[in-house]
Structure formats: structure tokens, C-alpha cells
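Numbering (the UniProt record's numbering), first residue to last: 1 to 343.
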């Protein structure tokens, strides 16, 4: 498809791909979009100042692209791209993905059913194991931990549509006008948890976030940061965790959840100490706390208490799901050890 074929006047969806040094994955990502059963969508790549030849390749291929001289981060890059979107829906897609042929059509069909649906998350499948989920929508627990629903569980167990706390911004569709009305992704986050924050704000505004199993996509994972845990990711995630909790919960809810929040911080501190990343985790927490006084405060007075209580209940359910998931994973690991080391 030439550039003009990626920019359709009749499109209802614009696929936005943020890219930073993703040349290893970008060609296969875009090749999969070319294989869509219905090509009635537009494409826009946000080139975030890459140094690996991505920009040159995009120019050679004639792919519609916004070029930035510096890395604006995931949040800043996406917001910059969404300002150019003219379709009712915007579909965010990581560069390290390979979508199935009906991917775009399935997400559009799901979100267009009801105007109260803000976002729809896809079934993200692990590239390393095509039978396992990478992400089936995101949930949040009482300690404020956001986690991938269904990660490393069988795909067959997640073939039903479900309501989720937030869509995963790596492969999800959003209502463009509402995305803008909510202020888009918070650019102060730079990267990590900005999609959770946006989904939470949508819930506070009375909208829903769904998961659509018909929209399937392979996901490599951590292509930009390079690993699951590193100093940069740990620091920003810790800082943004503080931002998200303070921004989306009124004082009474923060006080109510304080034991869980403090307990969660203690558990993570111990975890990252074992990884040699404790100083980065504590630095992120400190940055988050010291920045709070200067950050814009959310006006909760116009949000019905019943809605905030409903969200609190979702945090309770998210905690139960988190415990259930990791207890199950632990049991499976022990069973595997027993099978490989019979008495």
C-alpha cells in the first residue's frame, strides 16, 4: 500500500503506531496491517526520534509518519499523533506486534455498539508461546498494582468478552473525541501506567472499558525498554504509580486503601531489592511524592460517590483476581518441579 492508500477519506479508524528504535519489529507490524481482511482504515506512525534507521525506512516506504527530532515518550508521542486523527476511533498499536487478519474490524465492531464504551482492549498473545495470553485487558488491585489479565494463561480460557478496568494501550481502540475530552494520555508520565490512568479517568467520567477476544495480536513485549525489569522502567513505574493513585482517588479512598498501598510498596521494595533495583524503585517513589504538591488536583465533587464506590469494588475484585492468578501460577510451577523430579 502506498502512502495515499494508507490515508482513506472513508476511514472510521486510524491506527497509530508509536515507534522508537523499533526497526527490528516495524516491518512485520505494518506487513500484518496490509493483510487485514478489510482495509477501510488509515495508518499513522509516530516516529519518536529513532536512531536505528526507522525514520529512513518509513520515508522509503512512503508510510504516513509524523517525525519528531526527540523522543516524546509513549504518552507525548501518542497525543501528538492523535491531534492529527480525523476518524471517530483511534487504534493504538505497539510496534512489536503482529495483528491477525480481522483485528481492526473486530475492535471497531466492539466499540461501536455502545456510546458508553470508551476503549476496547485486544487479546494480546505471547510471541514466545502462541497458546498463552500476554494481556487480556488490564486490572488494578487495592495496593494500586496494575497487572495484565490472564498473562501466561491459556488463550482458550479468555475467549469471552469481558469488562476490564482499563485497556492496554499496546493494542486497543478508543473513541477519538472522548480521548481528547479526557485530556489524552498524561504526558508527565512519559511512559508506563499512562493507559491505566486514562482508563481510570474514563471510568470516573462514567464510561466503560472492554476486552474483545475476537481481536487477536501477537506481542513480543518490552521491545523499546529492552527487558521486563530495568532501572528506567522501575523508576518511572514507581513514580507513575504515585501519580495514578493520588490523581484518581479522593482523600477518603486513599485513606481507606492506605494499608494496602503501604503493604504493596513494602512488597515491591523487597522484590526489587532482590533484583538489585531497590534504589531505582525508591527514587521513583520519591520523585512521585515530591511532585504531588505541584500537580493539578482532580475535582471529585462532581463525581457521584456511588461511581467511586463501584470503582473501589473493582479494586477489590482486581485484588482477588491477582491473588488467584499468582497462586495458580505458583501451584503449576510446583507441579512442574514434581513431575520433573519424581520420588
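All residues carry an ideal CB built from backbone N, CA and C; glycine is no exception.
Any chain D beta carbon closer than 7 Å to residue i
{"i": "residue 42", "result": "Absent here is chain D; the protein component of the structure consists of one chain."}
Option in the options with minimal Cα separation from residue i
{"i": "residue 283", "options": "128, 198, 115 and 269", "result": "269"}
{"i": "residue 117", "options": "127, 89 and 132", "result": "89"}
{"i": "residue 9", "options": "122, 303, 219 and 85", "result": "85"}
{"i": "residue 97", "options": "67, 60, 32 and 177", "result": "32"}
{"i": "residue 173", "options": "5, 53, 15 and 11", "result": "15"}
{"i": "residue 171", "options": "179, 135 and 292", "result": "135"}
{"i": "residue 104", "options": "79, 203, 232 and 38", "result": "38"}
{"i": "residue 155", "options": "202, 6, 177 and 217", "result": "217"}
{"i": "residue 320", "options": "149, 267 and 62", "result": "149"}
{"i": "residue 166", "options": "178, 301 and 121", "result": "121"}
{"i": "residue 215", "options": "295, 77, 125 and 266", "result": "125"}
{"i": "residue 291", "options": "318, 239 and 251", "result": "239"}
{"i": "residue 285", "options": "313, 235 and 266", "result": "235"}
{"i": "residue 77", "options": "95, 187 and 11", "result": "187"}
{"i": "residue 68", "options": "318, 251, 202 and 45", "result": "45"}
{"i": "residue 277", "options": "251, 311 and 230", "result": "230"}
{"i": "residue 26", "options": "94, 203, 81 and 36", "result": "94"}
{"i": "residue 345", "options": "34, 279, 202 and 81", "result": "Since the first residue of the chain shown is 1 and the last is 343, residue 345 is not available in this structure."}
{"i": "residue 158", "options": "204, 213, 62 and 181", "result": "213"}
{"i": "residue 328", "options": "160, 266 and 151", "result": "151"}
{"i": "residue 40", "options": "181, 101 and 267", "result": "101"}
{"i": "residue 297", "options": "23, 60 and 251", "result": "251"}
{"i": "residue 197", "options": "253, 17, 237 and 106", "result": "237"}
{"i": "residue 160", "options": "131, 123 and 317", "result": "123"}
Residue i: first and last residue of the uninterrupted beta strand (DSSP E) it sits in
{"i": "residue 218", "result": "208–219"}
{"i": "residue 175", "result": "171–175"}
{"i": "residue 19", "result": "13–19"}
{"i": "residue 122", "result": "117–126"}
{"i": "residue 95", "result": "Note, residue 95: premise wrong, no beta strand (DSSP E); not H, not E."}
{"i": "residue 133", "result": "133–135"}
{"i": "residue 139", "result": "138–140"}
Proximity below 7 Å, CB of residue i to CB of residue j
{"i": "residue 211", "j": "residue 164", "result": "yes"}
{"i": "residue 191", "j": "residue 73", "result": "yes"}
{"i": "residue 75", "j": "residue 185", "result": "yes"}
{"i": "residue 71", "j": "residue 48", "result": "yes"}
{"i": "residue 144", "j": "residue 258", "result": "no"}
{"i": "residue 58", "j": "residue 65", "result": "yes"}
{"i": "residue 220", "j": "residue 127", "result": "yes"}
{"i": "residue 115", "j": "residue 133", "result": "no"}
{"i": "residue 322", "j": "residue 147", "result": "yes"}
{"i": "residue 315", "j": "residue 142", "result": "yes"}
{"i": "residue 288", "j": "residue 255", "result": "no"}
{"i": "residue 248", "j": "residue 313", "result": "no"}
Endpoints, the alpha helix (DSSP H) within which residue i is located
{"i": "residue 286", "result": "278–291"}
{"i": "residue 261", "result": "251–274"}
{"i": "residue 110", "result": "103–111"}
{"i": "residue 248", "result": "231–248"}
{"i": "residue 43", "result": "Counting along the chain, residue 43 falls outside any alpha helix (DSSP H), though it belongs to the beta strand (DSSP E) covering 41–48."}
{"i": "residue 26", "result": "26–34"}
Buried or exposed (CB count within 10 angstroms, at least 16 for buried), residue i
{"i": "residue 111", "result": "buried"}
{"i": "residue 306", "result": "exposed"}
{"i": "residue 293", "result": "exposed"}
{"i": "residue 209", "result": "buried"}
{"i": "residue 339", "result": "Any reading at residue 339 is ruled out, since the residue's pLDDT is 47, under 50, leaving its predicted position unreliable."}
{"i": "residue 42", "result": "buried"}
{"i": "residue 6", "result": "buried"}
{"i": "residue 342", "result": "The predicted position of residue 342 is uncertain, since its pLDDT is 45 and thus under 50; a value taken from the coordinates is nonetheless stated next. Exposed is the call here."}
{"i": "residue 309", "result": "exposed"}
{"i": "residue 223", "result": "Bear in mind that the predicted position of residue 223 carries a pLDDT of just 49, short of 50, making it unreliable; the figure below should be weighed with that in mind. The residue in question, residue 223, is buried, as its Cβ has 16 or more Cβ neighbours within 10 Å."}
{"i": "residue 21", "result": "buried"}
{"i": "residue 55", "result": "buried"}
{"i": "residue 175", "result": "buried"}
{"i": "residue 129", "result": "exposed"}
{"i": "residue 53", "result": "exposed"}
{"i": "residue 11", "result": "buried"}
{"i": "residue 19", "result": "buried"}
{"i": "residue 324", "result": "exposed"}
{"i": "residue 274", "result": "exposed"}
{"i": "residue 13", "result": "buried"}
{"i": "residue 194", "result": "buried"}
{"i": "residue 138", "result": "buried"}
{"i": "residue 119", "result": "buried"}
{"i": "residue 318", "result": "buried"}
Check your understanding: Unbroken alpha helix (DSSP H) runs of length 4 or more, entirely within the segment 55–90: which are they?
Key -> 73–82
Practice item. For the segment 144–204, list the alpha helix (DSSP H) runs that are entirely contained and at least 4 residues long, ordered along the chain. Key: 176–181 and 194–204
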